[in-house]
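Enquirer:
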Amino acid sequence: MFGAKRKKLKPEEDRRRCNYVTIQGRCNQGKVTLSKDGVRFPSPYCRYHCCKKVDGAACQDMRINAKGFCQRHIQCQGQVNGTRCANAVRGYDPKEFKFCAQYHNCLALDCKNERFYSGESDLKFCADHRCTSPGCDRPKHTGPFCASHTCEAPNCLAFAVGGGGPGEPTRYCDRHRVCQHDQCERFTHARENGGLSNFCGAHYCAWDGCEQAREDAGEGEHCKAHSCIEVACVKGRTSAEGFFCKNHECDTKACRFRRWRGEYCPEHQCGKPGCAEEGTTDHYCSKHGTCSMVGCDRFRFADGSNVRDWCEEREFCPSNSHFLSLALQHPQVIGLPGSKAC
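The sequence shown lines up with residues 0 to 341 when you count with numbering that gives the first Met the number 0.
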C-alpha cells in the first residue's frame, strides 16, 4: 500500500541485495552467482544490473547501457597514439564488435575487423574489404581493387592507375588502354621508363613527360609545342626554352636563334664574309680577328694555320723585325724592303 513502511531486512538478507543504488534507493533484487573456470563466486549486482558474459567470462562490473555491458567491455580495443581508444565499440555490443565505428572498425557492412592504417593515414576498411592499391581508402569493387582502380574493360579486374573521368586512359589496365586520338583503337605507347602515354606509338609526342598528341601532318614525332618552327621541319626542339631543332638552332651555347649560312646565327657567326666559324672575339673568329695596331680594322695576316698579330700590310712593313728576318733569309722571294714607313 502507498505510504506503507518497508519491511526491515535482516543483515544477512541485506547483504544478498544488489549493490545498485539510485536517488530513489537501493535495488531490491538479489545478487547473482557467477562462475569462471569452474569456480563460483557472488556478483555485487543482480541479473538486471550485472554485466553480461563476454566470450564466456563472467564480469563483476555493473552494466551501464541497455545492451547490458559494463564500461570496460564496451570500450574499443583499438589504439590511439599508443593508448587504448576511449570510444565505445560499434553498436555498444562487445559480443558483436571489438572496435569503435569512428576510428577502428571497418566501414564495410556487418564487418567486425579492425580497419587498416598506413602510417597515420586512415584507410577506413580492413584488409579484406579495402582496395589493395597503396594508399587508397575506397572499398573493393568486384575484384581486389576499388571501382576507380579496376580496369573499365568488360570482365577485366586488372589494376588501372585511376583518376580522371570514365573512358580516360587512366581507367584502363596496361592491356586494355587505348589511344586517345580520334578514331584510333591501337593500344597506348609504353615509354622507356615504363610509364604509359595517352596515345599509341603513332600518335604520342616523343618529348619526355609530354602527354599531347604529335602533329597530324608529316612524319614528326613531337607535338606542336615541341616541334621545330622551321617551315617543313619535323624534328623536335633542342630544349623546352628553344624554338628550333639541332639542325636549325645556333650552335652557340644558350642561343635560341636560327642558324644563318653555317652553324651559327648572324650574331654569333664570324664577321668576315665567307667565314662560317663562330665569332668568339669582337664578332670574329680566332682566325679573322682585327689587326693589333690601334685604329687598324684590317684582318690579321694568316700564314696557313698560323695567325699573325698584324694585318698583311703591317706584317710586311719594313719596320717589322719579323719581315726583315724573312727578307734576309729569302731575298729572292720577298725582296728587301723599301724605305717607305708603315
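Beta carbons: idealized from backbone N, C-alpha and C, even for Gly.
All values reported here derive from a predicted model rather than from experimental measurement.
1) At 3 residues or longer, what runs of the beta strand (DSSP E) sit wholly inside the stretch 28 to 61?
2) Rounded to the nearest angstrom, what separates G337 and F300 at their Cα positions?
3) Does Y91 come out as helix, strand or coil in the three-state DSSP assignment?
4) Reducing DSSP to helix, strand and coil, say where P133 ends up.
5) How far does the beta strand (DSSP E) with D308 in it reach, from first residue to last?
6) Taking buried to mean at least 16 other C-beta atoms within 10 Å of its own C-beta, is G118 buried or exposed?
7) Give me, in chain order, the residues of the same chain whose beta-carbon lies closer than 7 Å to that of A57; leave out the 5 immediate sequence neighbours on both sides.
8) When the Cα of H180 is compared with those of E151, E210, A189, G161, which residue comes out closest?
9) I'd like to confirm the pairing. Which residues does DSSP put opposite A189 in its beta bridges?
10) Report the partner residues of P138 according to the DSSP bridge assignment.
11) For N112, which residues of its own chain have a beta-carbon under 6 Å away from its beta-carbon, when the five flanking residues on both sides are left out?
12) At the level of alpha carbons, what is the spacing between E12 and K30?
13) Using a beta-carbon distance below 7 Å, is F68 in contact with chain B?
14) Helix, strand or coil for G334 per DSSP?
15) Considering only their Cβ atoms, is the gap separating K52 from D92 smaller than 7 Å?
16) Taking the alpha-carbon positions, what's the C45 to R16 distance?
17) Using only CA atoms, which one of V233, C249, D60 lies nearest to C264?
Expert: By the coordinates alone:
1) 32 to 35, 38 to 41
2) The sequence position of residue 337 within the sequence shown is 338, counting from 1. The sequence position of residue 300 within the sequence shown is 301, counting from 1. Any reading at G337 must be qualified, since the residue scores a pLDDT of 44, below 50, and its modelled position is unreliable; the value itself is stated next. Computed Cα separation, rounded: 20 Å.
3) Within the sequence shown, residue 91 is the residue found at index 92, counting from 1. If DSSP states are grouped into helix, strand and coil, Y91 belongs with the helices.
4) Here the question's residue 133 lines up with position 134 in the sequence shown. Three-state DSSP puts P133 in coil, outside helix and strand.
5) Counting from one through the sequence shown, the residue named residue 308 turns up at place 309. Counting along the chain, the beta strand (DSSP E) containing D308 begins and ends at 305 to 310.
6) Numbered from 1 along the sequence shown, position 119 holds the residue referred to as residue 118. Looking at its Cβ environment, which holds fewer than 16 other Cβ atoms inside 10 Å, G118 is exposed.
7) As a working mapping, residue 57 is identified with position 58 in the sequence shown. For A57, where only same-chain residues beyond five positions count, the Cβ hits under 7 Å are L33, S34, K35.
8) What you label residue 180 is simply residue 181 of the sequence shown in a count that begins at 1. Of the listed residues, the one whose Cα sits closest to H180 is E210.
9) Numbered from 1 along the sequence shown, position 190 holds the residue referred to as residue 189. According to DSSP, A189 bridges with L195.
10) Here residue 138 is taken as the residue at index 139 of the sequence shown, counted from 1. P138 is bridged to R129.
11) Within the sequence shown, the letter at position 113 stands for residue 112. Closer than 6 Å at the Cβ level, and outside the excluded window around N112, lie C105, C125.
12) Start at 1 with the first residue of the sequence shown, and residue 12 comes out as number 13. Start at 1 with the first residue of the sequence shown, and residue 30 comes out as number 31. If you take the alpha carbons of E12 and K30, they lie about 11 Å apart.
13) Given the protein chain composition of this structure (a single chain), no chain B is represented.
14) Within the sequence shown, numbered from 1, the residue matching residue 334 stands at position 335. Only weak support exists for where G334 lies, its pLDDT of 44 falling under 50; the coordinates are left without a value.
15) Counting from 1 along the sequence shown, the entry for residue 92 is found at position 93. Counting from 1 along the sequence shown, the entry for residue 52 is found at position 53. Cβ distance not < 7 Å, so D92 and K52 don't count as in contact.
16) Locating residue 45 in the sequence shown gives position 46, where the first residue counts as 1. Locating residue 16 in the sequence shown gives position 17, where the first residue counts as 1. Cα to Cα, C45 sits roughly 8 Å from R16.
17) Counting from one through the sequence shown, the residue named residue 264 turns up at place 265. Closest by alpha carbon: C249.
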